[in-house]
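The number in the numbering used here is simply the position in the sequence shown, starting from 1, with 115 added.
First comes the structure, then the notes that go with it.
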Amino acid sequence: MSVIGIKSGLEMSRNIKYPVEYSSYITKYANENDLDPYLVIAVIKQESNFVPDARSAYAGGLMQLTEETAHEYAGKLGLSNYDYMEPETNIRIGCYVLRSLIDKYEVVDTALAAYNAGMGNVDKWLQNSEYSSDGETLKHIPFPETRHYVAKINDYYVEYKENVTINPDS
116 MSVIGIKSGL
126 EMSRNIKYPV
136 EYSSYITKYA
146 NENDLDPYLV
156 IAVIKQESNF
166 VPDARSAYAG
176 GLMQLTEETA
186 HEYAGKLGLS
196 NYDYMEPETN
206 IRIGCYVLRS
216 LIDKYEVVDT
226 ALAAYNAGMG
236 NVDKWLQNSE
246 YSSDGETLKH
256 IPFPETRHYV
266 AKINDYYVEY
276 KENVTINPDS
């Protein structure tokens with residue numbers, strides 16, 4: 116009986132340290148956008164810690180979309196009547212945005228920097244030899260918040276990949 120209690124306690128501890136909510140939406144829209152679902156999980160963990168109504172000064176939802184970004188990409192997805200704060204819609208649009216950024220920049224870390232700091236900033240950094248030696252990858256991210264953001268997502272990606280099995284039915 117104590118082995119069951121230990122296993123149960125370990126599982127509860129893992130669920131607290133590595134929460135995963137909305138895995139069916141994450142799996143569905145990661146697959147639709149040819150994204151690693153663990154990358155999407157890492158972005159959601161960093162952006163909102165899986166709190167669906169999380170809000171910052173400019174953005175909201177699980178993937179912290181601005182209203183303008185949600186509107187632009189919802190149009191590209193053919194969505195006309197939507198609530199970008201609703202978890203499924205937020206993940207759907209957020210995955211599409213992330214895929215678009217990866218397609219544009221071709222380097223995941225550069226795309227993540229753009230997700231956080233905006234394409235305008237990243238485009239400027241890529242043109243500056245102080246931040247990029249090849250115009251495609253960032254050797255240094257000048258915004259500390261964005262630098263920390265990219266590092267945290269990479270850390271979460273590894274932690275989740277090593278410690279969590281995604282259940283696409285939950």
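Where a beta carbon is used, it is the ideal one built from N, C-alpha and C, also for glycine.
Please read all numbers here as calculations on a predicted model, not as lab measurements.
Same chain, Cβ closer than 6 Å to residue i, five either side skipped, listed in chain order
i, result
"glutamate 136", "Phe165"
"isoleucine 121", "The predicted model places isoleucine 121 with a pLDDT of 39, which falls under 50 and marks its position as unreliable; any figure quoted below should be read in that light. Within the same chain, isoleucine 121 has no close Cβ partners at all."
"alanine 185", "Tyr199 and Ile208"
Own chain residues within Cβ distance below 8 Å of residue i, not counting five before or after
i, result
"serine 171", "Gln179"
Local conformation of residue i per DSSP, three classes
i, result
"leucine 180", "strand"
"alanine 174", "strand"
"isoleucine 217", "helix"
"serine 138", "helix"
"threonine 204", "helix"
"valine 273", "helix"
"tyrosine 264", "helix"
"aspartate 238", "helix"
Buried or exposed by the 16-neighbour rule on C-beta atoms within 10 Å, applied to residue i
i, result
"glutamine 242", "exposed"
"lysine 254", "exposed"
"asparagine 205", "buried"
"asparagine 231", "buried"
"valine 237", "buried"
Cβ distance (whole Å) where residue i is taken to contact residue j below 8 Å
i, j, result
"threonine 142", "isoleucine 281", "6 Å"
inquiry  = Using 8 Å as the cut-off, can you tell me whether the segment 193-201 makes contact with the segment 225-233, which would need three or more C-beta pairs spanning the two stretches below that distance?
reply    = At 8 Å Cβ cutoff, the stretches do not touch.
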